[in-house]
Amino acid sequence: MDNGAATKPAAGARTSAAGAGAPAVPAGGAVGPSSRGLMVVGPGAAFGTALLHRFAAEGFRLGVISRSAETVSRVTGEFAAADHPVAGAVADVTDQAAFTAAAGRVAAEIGGLTVLVYNAKLSIRGTAFSVRAESMNQTLAVNVTGALTAVQIAAPLLAERPGATILLTVAGPRSEPAAGRFALAVGKAGAAAMGEAMAPLLAAQGVRLRTVVLDGRVGTVGPLRPEEVADHFWQAFAAPGGTAFRLAPGPRRAGARGAAQLPLEA
């Protein structure tokens, strides 16, 4: 799935895809900051606010959709305190009518949609031999079908917008999912495959679809730090080309304990 993939180790310094000190210009030409809107579906606790702060620093207007009213309240409250309002809506991606209405409201409130980040997930514990079919279907409804719904709804909102981009959060390949998250690992693989299949159709409408592969658990102590992940999403948007952008932990110190895990809790 790595055709055109950009892979880099995590780093603490923030860089620009257009070069140090130069603003990145997305494909499709320069865009006025006031005309650019970011909508994050599923702003998770691990790096959701860091991602929003990163795009806000580039002049984006911000919106979030979550099935959790508590999450929406937490995010909008934090940014209101920083005098950078966030448009928020509560909706479940498995309820297509409700999600369609929510996406339309948020896109209108932020002045139009330029970037959609699909970061929603459902994780149900179970190994390949213990997970129930019902649990697998519930997981796929969010991780794959929900992503499909979001892309279908966002596509007409993004059409003809300079730099229009969809970013799908996925995980790297694994043979044994950590902590028995078999269903989630399958769902993330399905989302990556779906994105690869849809990308050419979206490109014909002037919309770029890119997968963001996080190859490590996200947390304040790493191996992937929230700010590093947020900057990686920005690079995935700002890069002039590429379809998959992988972020992996940097080289580990000799004698360090533990092994990096994929972002199953991100």
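Each number in our numbering corresponds to the 1-based position in the sequence shown with 45 added.
Positions of the beta carbon are idealized from the N, C-alpha and C atoms, including for glycine.
In this text, all values refer to a predicted model and were calculated from it rather than measured experimentally.
Comparing alpha-carbon positions, which option in the options lies nearest residue i?
{"i": "VAL109", "options": "ALA195, LEU259, GLY171, GLU241", "result": "ALA195"}
{"i": "LEU185", "options": "ILE211, VAL162, ILE169", "result": "ILE169"}
{"i": "THR190", "options": "VAL138, GLY157, VAL176, ALA204", "result": "VAL138"}
{"i": "PRO271", "options": "SER80, VAL85, ALA91", "result": "ALA91"}
{"i": "ASN164", "options": "ALA234, SER175, ALA148, GLY87", "result": "GLY87"}
{"i": "ASP128", "options": "HIS98, ALA192, VAL266, ASN182", "result": "HIS98"}
{"i": "LEU254", "options": "GLY232, ALA230, GLY225, GLY286", "result": "GLY286"}
{"i": "GLY264", "options": "ALA283, MET181, GLY89", "result": "GLY89"}
{"i": "ALA229", "options": "THR288, ASP140, GLN183, SER113", "result": "As written in the sequence, residue 229 is Leu, which differs from the Ala given in the question. Measuring from the Cα of LEU229, the nearest candidate turns out to be GLN183."}
{"i": "GLN141", "options": "SER118, GLY122, GLN197, ALA178", "result": "GLN197"}
{"i": "GLU241", "options": "SER175, THR288, VAL176", "result": "THR288"}
Compute the Euclidean distance between the alpha carbons of residue i and residue j, then round it to the nearest angstrom.
{"i": "HIS277", "j": "THR214", "result": "11 Å"}
{"i": "ALA237", "j": "LYS166", "result": "13 Å"}
{"i": "GLN250", "j": "GLY93", "result": "28 Å"}
{"i": "ALA75", "j": "GLY208", "result": "Any reading at ALA75 must be qualified, since the residue scores a pLDDT of 40, below 50, and its modelled position is unreliable; no value is offered."}
{"i": "ALA56", "j": "GLU273", "result": "Residue placement at ALA56 is poorly supported in this model, since its pLDDT is 45, which falls under 50; the coordinates still yield a value, given next. Distance between the alpha carbons of ALA56 and GLU273: 6 Å."}
{"i": "THR172", "j": "PHE227", "result": "5 Å"}
{"i": "PHE124", "j": "PRO130", "result": "6 Å"}
{"i": "ARG150", "j": "VAL120", "result": "17 Å"}
{"i": "LEU161", "j": "MET239", "result": "16 Å"}
{"i": "MET243", "j": "TRP279", "result": "21 Å"}
{"i": "ALA234", "j": "ALA216", "result": "7 Å"}
{"i": "LEU292", "j": "SER111", "result": "25 Å"}
{"i": "LEU193", "j": "VAL266", "result": "33 Å"}
{"i": "LEU83", "j": "ALA148", "result": "11 Å"}
{"i": "VAL117", "j": "GLY104", "result": "21 Å"}
{"i": "SER180", "j": "ALA114", "result": "23 Å"}
{"i": "ALA204", "j": "VAL85", "result": "18 Å"}
{"i": "ASP260", "j": "GLY122", "result": "30 Å"}
Could you please give me the residues that DSSP links to residue i through a beta bridge?
{"i": "VAL215", "result": "VAL258"}
{"i": "THR265", "result": "Looking at the DSSP assignment, THR265 forms no beta bridge with any residue, so it has no partner."}
{"i": "ARG226", "result": "GLY171"}
{"i": "ALA134", "result": "ILE110"}
{"i": "GLY82", "result": "ARG106"}
{"i": "THR210", "result": "VAL160, ARG253"}
Can you check whether the CB of residue j is closer than 7 Å to the CB of residue i?
{"i": "VAL95", "j": "ALA275", "result": "The question names Val, but residue 95 in the sequence shown is Ala. In this structure, ALA275 lies closer than 7 Å to ALA95 by Cβ."}
{"i": "ALA152", "j": "LEU212", "result": "no"}
{"i": "PHE290", "j": "VAL257", "result": "yes"}
{"i": "ARG81", "j": "THR145", "result": "no"}
{"i": "PRO294", "j": "PRO268", "result": "yes"}
{"i": "ALA143", "j": "ALA136", "result": "yes"}
{"i": "ARG106", "j": "GLY156", "result": "yes"}
{"i": "ALA132", "j": "GLU154", "result": "yes"}
{"i": "GLY232", "j": "ASN188", "result": "yes"}
{"i": "PHE100", "j": "THR210", "result": "no"}
For residue i, count the other beta carbons within 10 Å of its own beta carbon; 16 or more makes it buried, fewer makes it exposed. Which is it?
{"i": "ALA248", "result": "exposed"}
{"i": "ALA199", "result": "buried"}
{"i": "ARG262", "result": "buried"}
{"i": "ALA284", "result": "buried"}
Between residue i and chain D, is there a C-beta pair that is closer than 7 Å?
{"i": "LEU185", "result": "The chain inventory of the structure shown lacks chain D, comprising one protein chain alone."}
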